[in-house]
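Going down the list, the protein sequences come from chains Z and L. Per the working numbering, the first sequence starts with residue 17, numbered consecutively. Per the working numbering, the second sequence starts with residue 474, numbered consecutively.
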Amino acid sequence: MPNQKFTWYNGIGLLLALIFALFPVFWMVSTSFKPSDEWVKVPAVWVSGKPTVDNYLTVLAPEVLLEQRGGLSQYDAEGNLLERDAGSGSAGGAMADFLTKSAWQSIYGSLILASGGTALSIIVGLMAALAIARYRFGGNFTPFFILSARMFPPAAIAVPFVIMFSDVGASDTYWGLILVYGAVTVPFSTWMLKSFIDDLPQEIEEAAMMDGMSRWKAHLVVTVPLIKGGLVATTLFIFILNWSEFLFALVLTYNKVSSIPVQMAKYFSATEGLLYGAQAALATVSIIPLVIIGFLIQKHLVRGLTLGAIKR
Amino acid sequence: MSVENERKRVLSELYRLWGMHMSKTHHVSRRDLIKGMFGLGLSATAVSMIMKNAPLGVKRAWADGHSAEDRAVKAAKALYGSAKKKTISIMHPSGSGGNMAPFTEEWKALTGFDVELIQVPVTETHQKGMQEAVAKTGRYDLMLPAPLSLPDYAESGLAKPLDDYFAEHNPEIFNGPNRLSYPVSDFGQKYNGKIYGLYCDGDWWLLNYRADVLAAAGDKIDSPRSLADTWGRYDELAAKYTDKSKDFWGALEYRSPFWNKFQWMTRFQSKGTLYFDEDMNSMADSPESISTVEELVALQDYIPVENFNYGFTDNYAQYYKQGRGFMEFGWPSLWRYSADVAGAASVIGKRDATGNPTAMGISKVPGTVVDGNLVRADIMPFAWDFVVSEHSEIPEASYLYAQWLCGPTMSQRSIPNEGGYFDPWRNNHFLEPTELFFNSYPGDFLATSYEAVSDVCPEIILRGGFEYHNAIDVNLSAAYTGQKTAKEAMKDAAKECNKITRRLGKDKQKEAWHNLAKMYSDPMKKAAGVDSWS
């Protein structure tokens, strides 16, 4: 690669790209600290002059916020509605849905669902990719057959899923949604992993087999470590897909199971409409696991993303 | 007369009265017995029919002895032992739990039935219901959709007709002093003649305005509880009170997608034309509709540009609540939260020494003079109904919960709660509010709202209602933003509406439309000539 100087216009270009990429994140974090009257203010409030953690309390510790606002009790012992304290400056006894339940259930739910769905997808996708790339399983058509599962909108299969899941008792269960997440992301994991395996010389595995390894062992001990970068990149990609999935989580759950995207859509109040602050706070919280995972695997990620960039 | 003769006379008289004749042996013959029983049966039937229809009939007399809530509790208690399911699962839109959650324990203590609140995003309520219509899981016993969902829920077999439950348990919605007034009572609960919903919320619009600003300018309201009787006067006020240099706007009307159609509905229909004609052709492209859109576009000079993005709550929170607008149409909650200085940090709902708000005014919506009569078409967007699922294992108990919570007394407790959407709807809410109920809707609100109820008109509560709404909404947005002229936009809207009608079956839609049109207020029916429709 020829040596090129890093010029000032390279820097400006990078800066613009960075602003473009990071602006939504900035806006999200900024909104998460804004009081409600600044959420949709015109002209926009870029950084609040009166930052608040109320949005985070709404999401993570509503009981604290509720306590500040006068608690749950809106009735006295005789069942009469309590008069509110006009001097308190806050709504006494607020009973809004979002203040009676924190988002922790949905955060745990998303962690379980995204992890389970990703593990299932990667295991099945890896085996499918090996079968296709190394043994031409099913001929040339198989990869397209698998991809066809993504060729229609998920909404088209949502209701049939509801019926089937209801019949087998899989509605509102973690395992049911994990199955769905695994199934709908398998085409991606298969195709991505297939491309990484395709780039790996088959001779390496053959040499391992000649040294006495079984097919399974050769793939497990030789192939998988060699495509580690690709595997990590694929895993992260699938995890993000599952982490942000909304439709199936909405239609296949009721009360027991919840996920972050569904919880986010519930932040609505009669007085303030969509609670952009709470939504931004939950979104900010929700990207933390992804940032941590991305940071921990960044070495593999870079390798995985560049793997296969140069064709043999 | 001897005692024996007297006994014979009395017996003879009794037998005669019962259609029998005394035999010589004073025994009743088989023939006499049959005749007597027949007579007795006829008499009993006649008495029963008379009593049933009498103002103080047997059933009514029994009903008067108890409240709607008592009847619901007693019946639910009786059902509890044999109930297949002991928990009533309620699908409700996010943001509405505050009207129900505080009463769950009370209901359980009274009847044994537990209540499970299943919250769904408010924007997905209709879809979740339709999903259940297809899946038939029975997971929901009760649902809380807007009346706009009723036709789709009914046609898909999801909503259970409630006529029998209404007749048996009498929720006091169509009768008695605590009833809901016509026409709201009918068009938001009935579809094609059957009852599918039980109200828990009233949502007709009123016009909120700054009474202090009006007074300061020396202006007066047109008539009692009416700031502007006509749209012409309303437009004049919007122009007069707009002061752009102070960022103060005359009319805080809605111009953003989804919300904007309600402005059209209330102004357009007051001109004596309804959504469709007798033959179910869309009237969106009628001269009245096009002129309405032209008026709405002209009015935009007095509306802040942000309103092209703001929905109800943003519009209220950013402008009206902060004292940056003169008038805003709104749901009852607008008044409630404006008056609630503590809760909403409102700058307009200031209270005087007695605690009464001083700066706000509340008014019926303006109207149009049609054939010498002032016609107001007060739109009721939303409202919420309890709907019993046809797939529920405990439909009656579920219905009874709804009757209990929405009863005349219970509703006075649940409606003022925080964190919910329920607003006043029953007559007693307006005429006999409890002190705390009145404090939630203080000042002249309840009286004005009650006076306006006779002007209330529905959205397009037909099968495919959401599609009709969307067709109008999208084209109105195009007109408001200048992408289409008013005429082009409304011609396109009408074309799309007619297409929806054809797809859903014109004859069936026409029948449902005629049923809906008959549930308009009398002045509107007269202005639109509905009574002459065949």
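Backbone N, C-alpha and C fix where the C-beta goes; we use that ideal spot for every residue, glycine too.
Alpha helix (DSSP H) segment containing residue i, residue limits
i	result
L:Val947	Gly938 to Tyr953
L:Val766	Pro760 to Ala771
L:Asn643	Element bounds for L:Asn643: n/a, residue is neither H nor E.
Z:Glu219	Gln218 to Met226
L:Arg976	Ala959 to Leu977
L:Thr921	Phe918 to Ala925
Per-residue burial, residue i [other beta carbons within 10 Å of its own, 16 or more giving buried]
i	result
Z:Val307	exposed
Z:Asn71	buried
L:His942	buried
L:His539	exposed
Z:Met167	exposed
L:Ile973	buried
L:Lys719	exposed
L:Leu631	buried
Z:Pro241	exposed
L:Leu529	Residue placement at L:Leu529 cannot be trusted, given a pLDDT of 39 that sits under 50; what the coordinates show is reported in the next sentence. Classification for L:Leu529: exposed.
Z:Tyr25	exposed
Z:Phe157	exposed
Z:Pro40	exposed
L:Arg886	buried
Z:Val318	exposed
Where the beta strand (DSSP E) through residue i begins and ends
i	result
Z:Ile303	Premise fails: Z:Ile303 lies in the alpha helix (DSSP H), Tyr292 to Leu312, not in any beta strand (DSSP E).
L:Ala724	Trp722 to Ala724
L:Arg849	Asn846 to Arg849
L:Ser836	Met833 to Ser836
L:Tyr682	Leu679 to Arg683
L:Thr841	Gly840 to Val843
L:Asp858	Asp858 to Val861
For residue i, three-class secondary structure by DSSP
i	result
Z:Ser89	With a pLDDT of only 48 at Z:Ser89, under the threshold of 50, the placement of this residue in the model should not be trusted, and no figure is reported.
Z:Trp24	helix
L:Asn788	helix
L:Pro566	strand
L:Lys497	Residue placement at L:Lys497 is flagged as unreliable, the pLDDT there being 48, under the threshold of 50; the coordinate-derived value follows with that caveat. It is coil, neither helix nor strand.
Z:Glu261	coil
L:Gly1002	coil
Z:Arg231	helix
L:Asp614	coil
Z:Lys315	helix
Z:Lys57	coil
L:Ala541	helix
Z:Gln121	helix
L:Lys794	coil
Z:Phe177	helix
L:Phe802	strand
Pairwise C-alpha distance: residue j and residue i
i	j	result
L:Tyr953	L:Thr715	19 Å
L:Thr739	L:Ser755	16 Å
Z:Gly154	Z:Lys272	40 Å
Z:Phe181	Z:Thr250	28 Å
L:Thr786	Z:Ser187	35 Å
Z:Trp43	L:Glu940	34 Å
Z:Asp101	L:Val838	Model confidence at Z:Asp101 stands at a pLDDT of 41, short of 50, so the residue's coordinates are unreliable; what they give is reported in the following sentence. One C-alpha to the other measures close to 33 Å.
Z:Val202	Z:Val140	7 Å
Z:Gly128	Z:Leu193	For clarity, residue 128 of chain Z is Ile in the given sequence; the question names Gly instead. Answer to the nearest angstrom: the Cα atoms are 10 Å apart.
L:Gly705	L:Lys717	21 Å
Z:Ser89	Z:Lys117	With a pLDDT of 48 at Z:Ser89, under the threshold of 50, the modelled position of that residue is not reliable, and the figure given next carries that caveat. Near 15 Å, if we compare the C-alpha coordinates of Z:Lys117 and Z:Ser89.
Z:Ser104	L:His902	Because Z:Ser104 carries a pLDDT of 32, less than 50, the predicted location of this residue cannot be relied on, and the following value inherits that uncertainty. Those two C-alpha atoms are separated by around 28 Å.
L:Tyr923	Z:Pro170	47 Å
L:Met603	L:Lys734	24 Å
Cβ-Cβ distance between residue i and residue j below 9 Å
i	j	result
L:Arg544	L:Gln876	yes
L:Trp808	L:Asn681	yes
L:Ser811	L:Arg698	no
Z:Ile138	L:Thr610	no
L:Thr703	L:Val593	no
Z:Leu146	Z:Ile213	yes
Z:Val75	Z:Leu298	yes
L:Ser884	L:Leu878	yes
L:Asp750	L:Asp851	no
L:Met616	L:Met573	no
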